[in-house]
Amino acid sequence: MILSTFFRIVIFLVFCIKLQSATTLVLRNLRCKAIDPDFVKFDICEATLDRRRRTSISITARLLQLPVRNCYVSVTFGLTAGTNVPLFNGSWDGCAFLRNPRKYLAFNRMYNFLAPFTNINHTCPYNHDIILRNFTLWKVKPIMALPEASYKFSSRYLVGSKHRASVDVQIDLVND
């Protein structure tokens, strides 16, 4: 398992290019899905384009069964074309993560991208809606260099051991 993951990383890094200031991220698709409509409803799931052609994402998930005392998050990131092998795949206990973010290094790096734009800033229980407002990748530095390609970021949310919701984002990385 570790050897397989190592070889995937090595192969990916061989094809990586250095991100330059002329790199553009183009949002191709945003999909928020309430797997359990009795538990969650997405009031807002939209991508907006500003005057400078920068895309921002806003999501509002209304929780219908409160309080939420446990939440498991599963994240997959990979290329959309070609292989179905993800570049990154991980699952975390969301409540444990918020109690000790340094313990979960990979998830903490992703969370740091979202933190300025969301109200997910305390440990469980959650007694309010989950909001992500005007999140844009133009304001943050990338975690790693990525080759020009189309990528998909998928996240799944399990509460009470049941799959409740998912959010999928597809972006194209284009070097101008």
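Residue numbers (mature numbering (1 follows the signal peptide of the UniProt record, and there is no 0)): -21 to -1, 1 to 155.
Think of the CB as a built atom: it goes at the ideal place given N, C-alpha and C, for glycine as much as any other residue.
What's the C-alpha gap between Gly139 and Glu127? To locate residue 139, count along the sequence shown from 1; it is residue 160. To locate residue 127, count along the sequence shown from 1; it is residue 148. Rounded to the nearest angstrom, the two C-alpha atoms are 39 angstroms apart.
Residue interval of the beta strand (DSSP E) (run including Cys24) | As a working mapping, residue 24 is identified with position 45 in the sequence shown. Element bounds for Cys24: 19 to 28.
Roughly how many angstroms lie between the CA atoms of Val119 and Leu125, to the nearest whole one?
Indexing the sequence shown from 1 puts residue 119 at position 140. Indexing the sequence shown from 1 puts residue 125 at position 146. Any answer about Val119 is weak, because its pLDDT of 47 lies below 50 and its placement is not dependable; what the coordinates show is given next. So the alpha carbons of these two residues sit roughly 15 angstroms apart.
Can you give the beta carbon distance from Leu4 to Val148, rounded, assuming they're within the 8 angstroms contact cut?
-> Position 25 of the sequence shown, counted from the first residue, corresponds to residue 4. Position 169 of the sequence shown, counted from the first residue, corresponds to residue 148. The pair is not a contact, with the Cβ atoms about 10 angstroms apart (cut-off 8 angstroms).
Quick check on Arg41: does DSSP put it in helix, strand or coil? Working through the sequence shown from its first residue, we reach residue 41 at position 62. Reduced to three states, the DSSP call for Arg41 is strand.
Ignore the nearest five residues each way along the sequence and tell me which others in Ser(-1)'s own chain have a CB closer than 6 angstroms to its CB. Position 21 of the sequence shown, counting from 1, holds the residue named residue -1. Residue placement at Ser(-1) is poorly supported in this model, since its pLDDT is 44, which falls under 50; the coordinates are not used for a value here.
Would you decide whether Arg30 is buried or exposed? Buried here means 16 or more other CB atoms lie within 10 Å of its CB.
Within the sequence shown, numbered from 1, the residue matching residue 30 stands at position 51. Exposed: under 16 other Cβ atoms inside 10 Å.
| query | Leaving out five residues before and five after Asn63 in sequence, what residues of the same chain have Cβ atoms less than 8 angstroms from its Cβ? | reply | In the sequence shown, residue 63 corresponds to position 84, counting from 1. Hits under 8 angstroms: Gly57.
- Is Thr39 closer than 8 angstroms to Phe18 when the C-beta atoms are compared? For the purposes of this step, residue 18 is taken as residue 39 along the sequence shown, with counting starting at 1. For the purposes of this step, residue 39 is taken as residue 60 along the sequence shown, with counting starting at 1. Taking 8 angstroms as the Cβ cut-off, Phe18 and Thr39 do not qualify as a contacting pair.
Q.
How far does the beta strand (DSSP E) with Tyr90 in it extend, from its first residue to its last?
A. Within the sequence shown, residue 90 is the residue found at index 111, counting from 1. Looking at the DSSP string, Tyr90 is not in any beta strand (DSSP E); the run it does join, the alpha helix (DSSP H), is 84 to 93.
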